[in-house]
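Written out below as C-alpha coordinates is the structure these notes cover.
Right, dumping it as C-alpha coordinates:
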(Lines of atoms letter the chains of each structure in order from A and count residues from 1; the text may use other names and numbers.)
(Lines give C-alpha, C1' and ligand atoms only; values in the text may rest on other atoms or scores of the structure.)
Protein backbone atom coordinates (compact mmCIF):
# COMPACT_ATOMS: atom_id res chain seq x y z
CA UNK A 1 0.00 0.00 0.00
CA UNK A 2 1.33 3.43 -0.88
CA UNK A 3 0.60 6.74 0.85
CA UNK A 4 -2.11 7.82 -1.63
CA UNK A 5 -3.93 4.47 -1.22
CA UNK A 6 -3.81 4.86 2.58
CA UNK A 7 -5.25 8.38 2.32
CA UNK A 8 -8.00 7.17 -0.02
CA UNK A 9 -8.92 4.24 2.25
CA UNK A 10 -9.15 6.46 5.34
CA UNK A 11 -11.20 9.04 3.41
CA UNK A 12 -13.56 6.33 2.14
CA UNK A 13 -14.07 4.91 5.65
CA UNK A 14 -14.65 8.40 7.12
CA UNK A 15 -17.02 10.22 4.76
CA UNK A 16 -17.43 13.06 7.29
CA UNK A 17 -13.78 14.08 6.65
CA UNK A 18 -12.60 15.90 3.55
CA UNK A 19 -9.88 14.12 1.60
CA UNK A 20 -7.56 17.13 1.93
CA UNK A 21 -7.93 16.93 5.73
CA UNK A 22 -7.15 13.20 5.74
CA UNK A 23 -4.11 13.89 3.56
CA UNK A 24 -2.94 16.58 5.99
CA UNK A 25 -3.39 14.20 8.96
CA UNK A 26 -1.47 11.34 7.31
CA UNK A 27 1.34 13.67 6.21
CA UNK A 28 1.57 15.16 9.72
CA UNK A 29 1.85 11.69 11.29
CA UNK A 30 4.64 10.68 8.91
CA UNK A 31 6.44 14.01 9.40
CA UNK A 32 6.33 13.63 13.19
CA UNK A 33 7.77 10.11 12.95
CA UNK A 34 10.55 11.35 10.64
CA UNK A 35 11.37 14.33 12.87
CA UNK A 36 11.47 12.16 16.02
CA UNK A 37 13.80 9.68 14.35
CA UNK A 38 16.01 12.50 13.05
CA UNK A 39 16.42 13.59 16.70
CA UNK A 40 17.37 10.02 17.58
CA UNK A 41 14.11 9.32 19.44
CA UNK A 42 12.25 6.03 19.35
CA UNK A 43 8.67 6.01 17.99
CA UNK A 44 6.42 3.27 19.35
CA UNK A 45 2.99 2.46 17.94
CA UNK A 46 1.46 -0.09 20.32
CA UNK A 47 0.52 -3.34 18.61
CA UNK A 48 2.15 -2.25 15.34
CA UNK A 49 5.82 -1.79 16.15
CA UNK A 50 8.62 0.56 17.03
CA UNK A 51 10.82 2.71 14.82
CA UNK A 52 14.30 3.54 16.04
CA UNK A 53 17.68 4.60 14.70
CA UNK A 54 20.68 2.30 14.87
CA UNK A 55 24.27 3.35 14.48
CA UNK A 56 26.48 1.40 12.11
CA UNK A 57 30.17 1.73 12.91
CA UNK A 58 32.75 2.64 10.30
CA UNK A 59 34.24 -0.41 8.61
CA UNK A 60 36.26 -1.59 5.67
CA UNK A 61 34.10 -2.94 2.86
CA UNK A 62 34.81 -4.34 -0.56
CA UNK A 63 33.86 -3.03 -3.96
CA UNK A 64 32.06 -6.08 -5.44
CA UNK A 65 33.06 -5.19 -8.97
CA UNK A 66 36.80 -4.66 -8.45
CA UNK A 67 37.39 -6.40 -5.12
CA UNK A 68 39.36 -3.43 -3.75
CA UNK A 69 38.96 -2.32 -0.13
CA UNK A 70 36.74 0.68 0.50
CA UNK A 71 36.34 2.65 3.74
CA UNK A 72 32.67 2.82 4.72
CA UNK A 73 31.87 5.72 7.04
CA UNK A 74 29.85 5.49 10.23
CA UNK A 75 26.15 5.97 9.53
CA UNK A 76 22.73 5.91 11.14
CA UNK A 77 20.03 3.67 9.68
CA UNK A 78 16.30 3.37 10.43
CA UNK A 79 15.22 0.19 12.18
CA UNK A 80 11.71 -1.24 12.65
CA UNK A 81 10.77 -3.90 15.17
CA UNK A 82 7.31 -5.40 14.80
CA UNK A 83 4.89 -5.38 17.70
CA UNK A 84 3.40 -8.56 19.13
CA UNK A 85 -0.06 -7.93 17.63
CA UNK A 86 1.34 -7.44 14.12
CA UNK A 87 3.63 -10.47 14.44
CA UNK A 88 0.73 -12.65 15.62
CA UNK A 89 -1.50 -11.40 12.79
CA UNK A 90 1.16 -12.20 10.18
CA UNK A 91 1.66 -15.69 11.59
CA UNK A 92 -2.07 -16.45 11.71
CA UNK A 93 -2.47 -16.48 15.50
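In the numbering used here, the protein residues as written are 16 to 108.
Beta carbons: idealized from backbone N, C-alpha and C, even for Gly.
Whole beta strand (DSSP E) elements within the stretch 42-80, 3-residue minimum
58-60, 64-71 and 74-77
Might you give, ordered along the chain, the residues of its own chain that have their beta carbon closer than 7 angstroms to the beta carbon of residue 59, omitting 5 neighbours on each side?
65
Alpha-carbon spacing of residue 28 relative to residue 54, whole angstroms
34 angstroms
Tell me which residue opens and which closes the alpha helix (DSSP H) that residue 25 is part of.
18-28
Please report the residue range of the alpha helix (DSSP H) in which residue 101 lies.
99-105
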